[in-house]
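The next block holds one structure in the form of structure tokens; read it before the comments.
2 protein chains.
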Amino acid sequence: MTAAPKITLETSVKCGECPIRHRAVCASCTSDELGELEKIKSYRTFPAGTPIMWRGDELVYVASVVRGVATLTKALEDGRTQMVGLLLPSDFIGRPGRTTLDFDVTAVSDVTLCCFERRAFEELVVHTPHVSQRLMEIALDELDAARDWMLLLGRKTAREKIATFLDMLIRRQNMQGLDGAVLDLALPLTREEIANYLGLTLETVSRQLSQLKAQNVIRFLDRKRFEVVDLQALHMATGDDSDGGMIS
Amino acid sequence: MTAAPKITLETSVKCGECPIRHRAVCASCTSDELGELEKIKSYRTFPAGTPIMWRGDELVYVASVVRGVATLTKALEDGRTQMVGLLLPSDFIGRPGRTTLDFDVTAVSDVTLCCFERRAFEELVVHTPHVSQRLMEIALDELDAARDWMLLLGRKTAREKIATFLDMLIRRQNMQGLDGAVLDLALPLTREEIANYLGLTLETVSRQLSQLKAQNVIRFLDRKRFEVVDLQALHMATGDDSDGGMIS
DNA sequence: CGCTTCCTTGAGTAAATTCAAGACTTGTGG
DNA sequence: CCACAAGTCTTGAATTTACTCAAGGAAGCG
Numbered sequence: 138m139t140a141a142p143k144i145t146l147e148t149s150v151k152c153g154e155c156p157i158r159h160r161a162v163c164a165s166c167t168s169d170e171l172g173e174l175e176k177i178k179s180y181r182t183f184p185a186g187t188p189i190m191w192r193g194d195e196l197v198y199v200a201s202v203v204r205g206v207a208t209l210t211k212a213l214e215d216g217r218t219q220m221v222g223l224l225l226p227s228d229f230i231g232r233p234g235r236t237t238l239d240f241d242v243t244a245v246s247d248v249t250l251c252c253f254e255r256r257a258f259e260e261l262v263v264h265t266p267h268v269s270q271r272l273m274e275i276a277l278d279e280l281d282a283a284r285d286w287m288l289l290l291g292r293k294t295a296r297e298k299i300a301t302f303l304d305m306l307i308r309r310q311n312m313q314g315l316d317g318a319v320l321d322l323a324l325p326l327t328r329e330e331i332a333n334y335l336g337l338t339l340e341t342v343s344r345q346l347s348q349l350k351a352q353n354v355i356r357f358l359d360r361k362r363f364e365v366v367d368l369q370a371l372h373m374a375t376g377d378d379s380d381g382g383m384i385s
Numbered sequence: 138m139t140a141a142p143k144i145t146l147e148t149s150v151k152c153g154e155c156p157i158r159h160r161a162v163c164a165s166c167t168s169d170e171l172g173e174l175e176k177i178k179s180y181r182t183f184p185a186g187t188p189i190m191w192r193g194d195e196l197v198y199v200a201s202v203v204r205g206v207a208t209l210t211k212a213l214e215d216g217r218t219q220m221v222g223l224l225l226p227s228d229f230i231g232r233p234g235r236t237t238l239d240f241d242v243t244a245v246s247d248v249t250l251c252c253f254e255r256r257a258f259e260e261l262v263v264h265t266p267h268v269s270q271r272l273m274e275i276a277l278d279e280l281d282a283a284r285d286w287m288l289l290l291g292r293k294t295a296r297e298k299i300a301t302f303l304d305m306l307i308r309r310q311n312m313q314g315l316d317g318a319v320l321d322l323a324l325p326l327t328r329e330e331i332a333n334y335l336g337l338t339l340e341t342v343s344r345q346l347s348q349l350k351a352q353n354v355i356r357f358l359d360r361k362r363f364e365v366v367d368l369q370a371l372h373m374a375t376g377d378d379s380d381g382g383m384i385s
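From first to last, the protein sequence lines are chains S and E. Position one of the first sequence corresponds to residue 138 (the working numbering), numbered consecutively onward. Position one of the second sequence corresponds to residue 138 (the working numbering), numbered consecutively onward.
What follows is the structure, given as structure tokens:
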């Protein structure tokens with residue numbers, strides 16, 4: 138028996154002090170515009186493992202991820218599941234003009250969202266071009282990412298998929314590898330979740346990670362933290378490059 | 138020896154008579170706005186098999202597909218290729234705020250585009266909310282389609298992929314199956330192109346199509362035209378539904 | 001400490017790929 | 001009009017990759 142998941146209403150941080158101020162949907166807002174957003178926003182936190190929104194739900198809120206990691210997933214009737222998005226801090230949930238969601242959103246770690254009531258947000262967007270432009274940018278970035286992921290899902294081997302996934306984590310966590318190594322990266326997903334992201338089984342994910350470890354490409358600090366020992370070998374393994382991203 | 142591919146500049150059709158008037162980027166424009174677009178547009182045709190734009194090219198034009206079929210593809214260094222989009226009439230090429238392309242665009246059949254010089258188009262968009270809203274809708278529709286395709290690429294079997302692909306052709310060509318059958322559909326791609334779309338090999342595509350034919354689900358009129366004999370069986374085979382889309 | 005969840009590894013299997021050969025189409029030139 | 005070539009498609013056989021099934025080990029939580 139587990140207690141009912143608790144969605145907590147938090148005191149919102151002032152936009153000016155927000156950790157994602159410079160990257161989120163509000164990135165290019167003036168302080169006047171921030172004031173408008175401030176009026177309709179509320180912070181909510183979701184415990185790890187709990188659903189944030191279900192497919193088909195009416196979209197009451199749109200939101201930015203402030204802290205934590207969430208996933209977007211789609212499933213077939215028989216349970217086969219494919220992750221279609223990984224939401225890290227500053228990523229946005231919900232789209233103007235859509236009233237329902239076409240996938241499930243789940244908190245993977247404890248997640249704090251900066252929520253805006255959808256209707257109020259949509260009204261605000263109309264006379265706030267900085268926000269609508271940013272939304273367009275966000276949508277196009279997601280589209281580019283989705284198309285890269287299609288190449289991965291359709292054509293890459295298990296090893297290439299894993300290497301590409303790890304490389305994406307490095308880039309999205311802004312950990313630059315300056316000396317051929319990258320230290321102390323968070324691996325926020327379980328093996329099964331990684332498998333659902335990459336179109337593999339959890340056993341295959343485990344085997345490939347073990348192999349990269351055995352080949353001294355990566356090293357695990359614990360189950361959810363790792364380091365890249367040989368960044369060039371990792372790049373080679375992604376399949377994107379034949380030269381491992383060397384400066385020629 | 139083949140003659141150099143000829144990109145032809147055609148006399149543009151008046152927007153009012155345009156076959157894609159009601160669905161393209163200009164769908165919700167007023168006649169004044171259409172007049173503005175009319176001033177900066179030009180029709181260009183590309184022969185079947187020729188490239189329209191290359192990855193990395195500077196984006197000089199944005200365009201709507203008026204007639205014909207084009208593909209968006211990405212490739213790994215070793216030649217493995219994944220199609221990431223199929224452009225049918227009324228679909229749009231290019232994005233506001235992006236100056237380069239991240240994939241190749243290729244004419245699969247003879248293609249006629251309604252081209253707008255990118256800079257002029259971007260200026261126009263700023264004071265034409267009907268166009269910018271439509272662009273946003275288009276981007277979000279593409280994102281939804283990309284995510285459905287991710288589920289297909291990551292989790293569906295070869296048979297399910299083929300069935301889903303055929304079902305998509307039925308929907309996008311607006312051929313409603315009223316009586317459990319659908320007649321005379323265009324199959325605009327070669328087996329290899331279908332394979333690149335579905336993340337399969339051309340042999341697997343051929344085998345699966347043969348199997349659907351042998352099971353009396355589909356029938357070929359010629360290599361590029363087919364009919365659906367048993368629409369429910371096709372829906373069953375997509376894996377999306379357990380009931381084949383029956384009204385319960 | 002004991003339970004549950006998550007992870008690893010091995011053995012056998014299944015699905016799709018690769019390699020290969022031949023058939024059908026379509027267009028071209030004699 | 002026919003023959004031939006190039007491109008496309010089909011089918012078979014062997015192989016490979018990743019999957020399934022299974023067991024045991026490690027980690028995290030009450």
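Glycine included, each C-beta is placed from N, C-alpha and C at the ideal position. In this text, all values refer to a predicted model and were calculated from it rather than measured experimentally.
### Task
Would you mind stating whether residue 237 of chain E and residue 278 of chain E have Cβ atoms separated by less than 8 Å?
no
### Task
Please list the partners that residue 188 of chain E has in chain S, where partner means a Cβ-to-Cβ separation under 9 Å.
Near residue 188 of chain E there are no residues of chain S at all, since even the closest Cβ is about 18 Å away, more than 9 Å.
### Task
Express the C-alpha separation of residue 252 of chain E and residue 150 of chain E in angstroms, rounding to a whole number.
12 Å
### Query
In the region 218–276 of chain S, which residue ranges form an unbroken alpha helix (DSSP H) of at least 4 residues, counting only runs that do not cross its ends?
255–263
### Task
Give the single residue among S/221, S/198 and S/200 whose Cα lies nearest to the Cα of residue 209 of chain S.
S/221
### residue 308 of chain E: contacting residues in chain S (beta-carbon distance under 7 Å)
Near residue 308 of chain E there are no residues of chain S at all, since even the closest Cβ is about 16 Å away, more than 7 Å.
### Query
Taking only runs of the beta strand (DSSP E) that begin and end inside the region 157–205 of chain S, which ones reach a length of at least 3 residues, in chain order?
178–183, 188–190 and 198–204
### Query
With 16 as the cutoff for other CB atoms within 10 Å, does residue 263 of chain S come out buried or exposed?
The residue in question, residue 263 of chain S, is exposed, as its Cβ has fewer than 16 Cβ neighbours within 10 Å.
### Query
Does residue 389 of chain S come within less than 8 Å of chain E when only Cβ atoms are used?
Residue 389 of chain S is absent from the structure shown; chain S starts at 138 and stops at 385.
### Message
Using a Cβ-Cβ cutoff of less than 7 Å, which residues in the same chain neighbour residue 179 of chain E once the five nearest sequence positions on both sides are dropped?
### Response
146, 149 and 252
### Task
Starting from residue 341 of chain E, trace the alpha helix (DSSP H) both ways and give me its first and last residue.
Taken as a continuous stretch (DSSP letters only), the alpha helix (DSSP H) holding residue 341 of chain E covers 339–351.
### Query
Closer than 7 Å, Cβ to any Cβ of chain S: which residues of the region 254–276 of chain E, in chain order?
Listed by position along the chain: 273, 274 and 276.
#### Entry: CA-to-CA distance, residue 321 of chain S to residue 358 of chain S, given in whole angstroms
Between residue 358 of chain S and residue 321 of chain S, the C-alpha separation is close to 8 Å.
### Query
Where does the unbroken alpha helix (DSSP H) through residue 81 of chain S begin, and where does it stop?
Nothing about residue 81 of chain S can be read from this structure; chain S reaches only from 138 to 385.
### Neighbour-count burial assignment, residue 233 of chain E, 16 or more Cβ in a 10 Å radius
buried
### residue 306 of chain S vs residue 289 of chain S beta-carbon contact at 8 Å
no
### Query
Between S/328, S/308 and S/326, which lies nearest to residue 371 of chain S when the distance is taken from Cα to Cα?
Residue 371 of chain S has its Cα closest to that of S/308, out of S/328, S/308 and S/326.
### Query
For residue 161 of chain S, which residues of its own chain have a beta-carbon under 6 Å away from its beta-carbon, when the five flanking residues on both sides are left out?
201 and 227
### Query
CA-CA distance, residue 255 of chain E and residue 188 of chain S?
42 Å
### Query
What span of residues does the beta strand (DSSP E) with residue 145 of chain E cover, start to end?
145–147
### Message
Could you check whether the Cβ of residue 286 of chain E sits closer than 8 Å to any Cβ belonging to chain S?
### Response
Put simply, the CB of residue 286 of chain E is near chain S, with a gap under 8 Å to one of its CB atoms.
### Query
For residue 223 of chain E versus residue 230 of chain E, is the C-beta distance shorter than 8 Å?
no
### Message
Comparing C-alpha positions only, which one of S/367, S/343 and S/267 sits nearest to residue 173 of chain S?
### Response
S/267
### Task
Could you please give me the residues that DSSP links to residue 292 of chain S through a beta bridge?
DSSP, once it has assigned bridges, lists no residue as partnering residue 292 of chain S.
### Query
Under the rule that 16 or more other beta-carbon atoms within 10 Å means buried, what is residue 139 of chain E, buried or exposed?
Note on residue 139 of chain E: pLDDT 40, under 50, position unreliable in the model; the coordinate value appears next. With fewer than 16 Cβ atoms within 10 Å of its Cβ, residue 139 of chain E is classed as exposed.
### Cβ-Cβ distance between residue 164 of chain S and residue 271 of chain S below 8 Å
yes
### Query
Per DSSP, what kind of secondary structure is residue 306 of chain S in: helix, strand or coil?
Residue 306 of chain S sits in a helix when the DSSP states are folded into three classes.
#### Entry: Per-residue contacts from residue 283 of chain E into chain S (C-beta, under 7 Å)
280, 283, 284 and 287
### Residues sharing a beta bridge with residue 209 of chain E, DSSP
In the DSSP output, where bridge partners are listed per residue, residue 209 of chain E has E/222 and E/242.
### Message
Could you give the first and the last residue of the continuous beta strand (DSSP E) run that contains residue 358 of chain S?
### Response
355–359
### Message
With H, G and I counted as helix, E and B as strand and the rest as coil, what does DSSP make of residue 374 of chain E?
### Response
helix
### Query
Using the C-alpha atoms, what's the distance from residue 319 of chain E back to residue 313 of chain E?
7 Å
### Query
Among the residues of its own chain, which have a CB less than 7 Å from the CB of residue 329 of chain S, if the five just before and after it don't count?
339
### Query
Who are the neighbours of residue 214 of chain E on chain S, taking C-beta pairs under 8 Å?
376, 377, 378 and 379
### Query
Does residue 369 of chain S come within less than 8 Å of chain E when only Cβ atoms are used?
no
#### Entry: C-beta neighbour in chain S for residue 292 of chain E, strict 8 Å
Interface residue (Cβ-Cβ distance to chain S less than 8 Å): residue 292 of chain E is classified as such.
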